[in-house]
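Top line first, the protein sequences correspond to chains A, B, C and D. The first sequence begins at 1 in the numbering used here and counts up by one. The second sequence begins at 1 in the numbering used here and counts up by one. The third sequence begins at 1 in the numbering used here and counts up by one. The fourth sequence begins at 1 in the numbering used here and counts up by one.
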Amino acid sequence: MKPLLIEVRLFAALREAAASSTVALELPANATVGDLRQLLVRRWPQWRTLLERCAVAVNQAYAPDQQRLTAGDEVALIPPVSGG
Amino acid sequence: MKPLLIEVRLFAALREAAASSTVALELPANATVGDLRQLLVRRWPQWRTLLERCAVAVNQAYAPDQQRLTAGDEVALIPPVSGG
Amino acid sequence: MISLTRQAIDYQALTEAVRDPQHGAVVLFLGTVRDRTGEQATARLEYEAYAAMAEREMRRVVEAAQQRWPQTRIALIHRLGTLEVGEVSVAVAVSAPHRAEAFAACRYVIDTLKATVPIWKKEIGPDGTGEWVHPADISMSDPFRPESAV
Amino acid sequence: MISLTRQAIDYQALTEAVRDPQHGAVVLFLGTVRDRTGEQATARLEYEAYAAMAEREMRRVVEAAQQRWPQTRIALIHRLGTLEVGEVSVAVAVSAPHRAEAFAACRYVIDTLKATVPIWKKEIGPDGTGEWVHPADISMSDPFRPESAV
């Protein structure tokens, strides 16, 4: 099966740390939100603590680790929020 | 001893019922707030229910029944309030 | 800023009066004239006060709130006279370092005002007849000193 | 009236938008920029959002409040960009027939917004250095769906 190409949106401290508002990831077909988290921690071990405290949003809604990703999904990493 | 002349201020339903914003009472010297209440109920038995639910203010502060009245006190009957 | 007024209430001015660079939260409460009370249609309200005592009691309420929540700034204004449906009868503005105190103090002030400050309203119906509101659930003679409803 | 804005927040317009002749109570909450956080002086704040999702979450919060307090009218606006000390970052206006629901719904909306809506602030100190605020007490990955803080 074709690998899954996902562009992940980054915000706030993560966006500044990566010096980019997106990061492109290549995941196995049928990968889940949890798989995406693990790949990010492997790529950026120095930000592990913050990454583990992030939520993941898929198509603008919070998504559980078990949720499968699909080509074309809009994916974002949501660090702990501080609006208000 | 000289009797105590007290002019009592009236508000809201009592003011309208009495068709006056004050009522003049003659009380024994050393009369208390409780004595004043009793005299009012004797004068206006038809408004007893409302009178018994009123507070009495002396010099612009709520006063207990035991408080003694003094010549020159500013006295008011305070029906249950409904501001806000 | 604690007062009675016969003019329309400027709640923005009241709110600006409590804002503070050290405070992160402002809570404003407005009481407004409803078009009905239970089944009864209301055309307008008339508010009457024992004005000198009402202003003293309003200051007492605000001072009590500031003793309980010392860092708050509080402004309080109540309208008197004839009010049409939709008009603002009372406004309470509170600012505080954090929102918990601002909400708590604002709620305390309006609840206590409604229980203790000598102001009365008369509800006027569409036919022009009116009735003074003297709530049965407030007994003011016992205990003699009505205290906080909070 | 639910939105993000880069302009100064007009909280009077927000308040007027929820007023209703059937309602007797309005509660407005304003979040304002404090001049310090703990020991740290703040010169200004920068707010960033995942805008499309933030607006969806803001609507979700308001809908959840209106399910719980069905008679309320609610307006919610959050500012983005650079804010000076004293400026309004967020405003929640709620009207309801009675004050208990207006206070409860307003508190629910601001608490839930702060826990779930993807907006972040960076605190800029007097020396120009800044730090993103990512509160340690909010773990957003477990449970995955942050719910009401009430």
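C-beta atoms are modelled at their ideal positions from N, C-alpha and C, and glycine is treated no differently.
Measuring only the C-alpha atoms, how far is residue i from residue j?
{"i": "residue 38 (chain A)", "j": "residue 63 (chain D)", "result": "34 Å"}
{"i": "residue 31 (chain D)", "j": "residue 14 (chain C)", "result": "16 Å"}
{"i": "residue 40 (chain B)", "j": "residue 14 (chain B)", "result": "11 Å"}
{"i": "residue 57 (chain D)", "j": "residue 118 (chain D)", "result": "8 Å"}
{"i": "residue 83 (chain C)", "j": "residue 12 (chain D)", "result": "20 Å"}
{"i": "residue 151 (chain D)", "j": "residue 102 (chain D)", "result": "The structure shown does not extend to residue 151 (chain D), since chain D is modelled only from 1 through 150, so no value can be given for it."}
{"i": "residue 22 (chain C)", "j": "residue 115 (chain C)", "result": "32 Å"}
{"i": "residue 129 (chain C)", "j": "residue 11 (chain B)", "result": "18 Å"}
{"i": "residue 22 (chain A)", "j": "residue 124 (chain D)", "result": "24 Å"}
{"i": "residue 105 (chain D)", "j": "residue 136 (chain C)", "result": "28 Å"}
{"i": "residue 71 (chain B)", "j": "residue 16 (chain B)", "result": "26 Å"}
{"i": "residue 29 (chain B)", "j": "residue 47 (chain B)", "result": "26 Å"}
{"i": "residue 44 (chain C)", "j": "residue 88 (chain C)", "result": "12 Å"}
{"i": "residue 73 (chain B)", "j": "residue 58 (chain B)", "result": "6 Å"}
{"i": "residue 142 (chain D)", "j": "residue 6 (chain A)", "result": "Residue confidence is low: residue 142 (chain D) scores 43 on pLDDT, short of 50, so the model does not pin down where it sits. Its coordinate-derived value is still stated next. Near 23 Å, if we compare the C-alpha coordinates of residue 6 (chain A) and residue 142 (chain D)."}
{"i": "residue 56 (chain A)", "j": "residue 6 (chain C)", "result": "55 Å"}
{"i": "residue 145 (chain C)", "j": "residue 111 (chain C)", "result": "Residue placement at residue 145 (chain C) is poorly supported in this model, since its pLDDT is 42, which falls under 50; the coordinates still yield a value, given next. C-alpha separation (whole angstroms): 15 Å."}
{"i": "residue 74 (chain D)", "j": "residue 64 (chain A)", "result": "29 Å"}
{"i": "residue 33 (chain A)", "j": "residue 2 (chain D)", "result": "30 Å"}
{"i": "residue 25 (chain C)", "j": "residue 71 (chain D)", "result": "25 Å"}
{"i": "residue 60 (chain C)", "j": "residue 66 (chain A)", "result": "58 Å"}
{"i": "residue 48 (chain D)", "j": "residue 99 (chain D)", "result": "33 Å"}
{"i": "residue 127 (chain D)", "j": "residue 60 (chain B)", "result": "55 Å"}
{"i": "residue 50 (chain C)", "j": "residue 49 (chain B)", "result": "21 Å"}
{"i": "residue 97 (chain C)", "j": "residue 42 (chain D)", "result": "14 Å"}
{"i": "residue 78 (chain D)", "j": "residue 92 (chain D)", "result": "9 Å"}
{"i": "residue 16 (chain D)", "j": "residue 10 (chain D)", "result": "10 Å"}
{"i": "residue 149 (chain D)", "j": "residue 9 (chain A)", "result": "Residue placement at residue 149 (chain D) is flagged as unreliable, the pLDDT there being 35, under the threshold of 50; a coordinate-derived value is accordingly withheld."}
{"i": "residue 86 (chain C)", "j": "residue 27 (chain A)", "result": "59 Å"}
Put residue i into one of helix, strand or coil per three-state DSSP.
{"i": "residue 64 (chain C)", "result": "helix"}
{"i": "residue 40 (chain D)", "result": "strand"}
{"i": "residue 48 (chain D)", "result": "strand"}
{"i": "residue 145 (chain D)", "result": "At residue 145 (chain D), the pLDDT of 43 sits below 50, so the modelled position is not reliable; the number obtained from the coordinates is stated separately. It is coil, neither helix nor strand."}
{"i": "residue 10 (chain B)", "result": "coil"}
{"i": "residue 122 (chain C)", "result": "strand"}
{"i": "residue 25 (chain D)", "result": "strand"}
{"i": "residue 61 (chain A)", "result": "strand"}
{"i": "residue 2 (chain B)", "result": "coil"}
{"i": "residue 72 (chain D)", "result": "coil"}
{"i": "residue 19 (chain C)", "result": "coil"}
{"i": "residue 34 (chain A)", "result": "helix"}
{"i": "residue 84 (chain D)", "result": "strand"}
{"i": "residue 117 (chain C)", "result": "coil"}
{"i": "residue 10 (chain D)", "result": "coil"}
From the DSSP secondary-structure annotation, give me the bridge partner or partners of residue i.
{"i": "residue 3 (chain D)", "result": "D:77"}
{"i": "residue 89 (chain D)", "result": "Residue 89 (chain D) pairs with nothing; no bridge assigned."}
{"i": "residue 31 (chain D)", "result": "C:25, D:90"}
{"i": "residue 95 (chain D)", "result": "D:26, D:73"}
{"i": "residue 26 (chain B)", "result": "B:5"}
{"i": "residue 130 (chain D)", "result": "D:124"}
{"i": "residue 78 (chain B)", "result": "B:55"}
{"i": "residue 48 (chain A)", "result": "Its beta-bridge partners do not exist; DSSP assigns none."}
{"i": "residue 15 (chain B)", "result": "The partner list for residue 15 (chain B) (beta bridge, DSSP) is empty, contrary to what the question assumes."}
{"i": "residue 68 (chain A)", "result": "A:32"}
Would you say the beta carbon of residue i comes nearer than 6 Å to a heavy atom of the ligand FMN?
{"i": "residue 67 (chain C)", "result": "Absence of the ligand FMN from the depicted structure is noted, as is the absence of any ligand whatsoever, leaving it without description."}
Counting only C-beta atoms, is residue i closer than 7 Å to chain E at any point?
{"i": "residue 33 (chain D)", "result": "Absent from the structure: chain E. Protein chains present are A, B, C and D."}
Item to check | Short-range partners of chain B found in the segment 42-59 of chain C, where Cβ spacing is below 8 Å | outcome: Of all residues in the segment 42-59 of chain C, only 47, 48, 49, 50, 52, 53, 54, 56 place a beta-carbon less than 8 Å from a beta-carbon of chain B.
Item to check | Contact list for the segment 105-122 of chain C against chain B, Cβ threshold 8 Å | outcome: 110, 113, 114, 115, 116, 117, 118, 119, 120, 121, 122
Checklist entry - Any residues in the segment 15-31 of chain C with a beta carbon nearer than 7 Å to a beta carbon of chain D? Which ones, in chain order? => result 19, 21, 22, 23, 24, 25, 26, 27, 28, 29, 30, 31
Next on the checklist: Counting only Cβ-Cβ distances shorter than 7 Å, please list the residues of the segment 77-93 of chain D near chain C, keeping chain order.
Outcome noted: 85, 86
Checklist entry - For the segment 36-48 of chain B, which residues have a CB atom closer than 8 Å to at least one CB atom of chain C, in sequence order? => result 37
Next on the checklist: Under 8 Å, CB to CB, which of the residues in the segment 72-84 of chain A have a partner in chain D?
Outcome noted: 76, 78, 79, 80, 81, 82, 83, 84
Next on the checklist: Tell me which residues of the segment 51-69 of chain A have at least one Cβ-Cβ distance to chain D shorter than 8 Å, keeping chain order.
Outcome noted: When C-beta distances to chain D are compared with 8 Å, the residues of the segment 51-69 of chain A below that value are 52, 53, 54, 55, 56, 57, 60, 61, 62, 63, 64, 65, in chain order.
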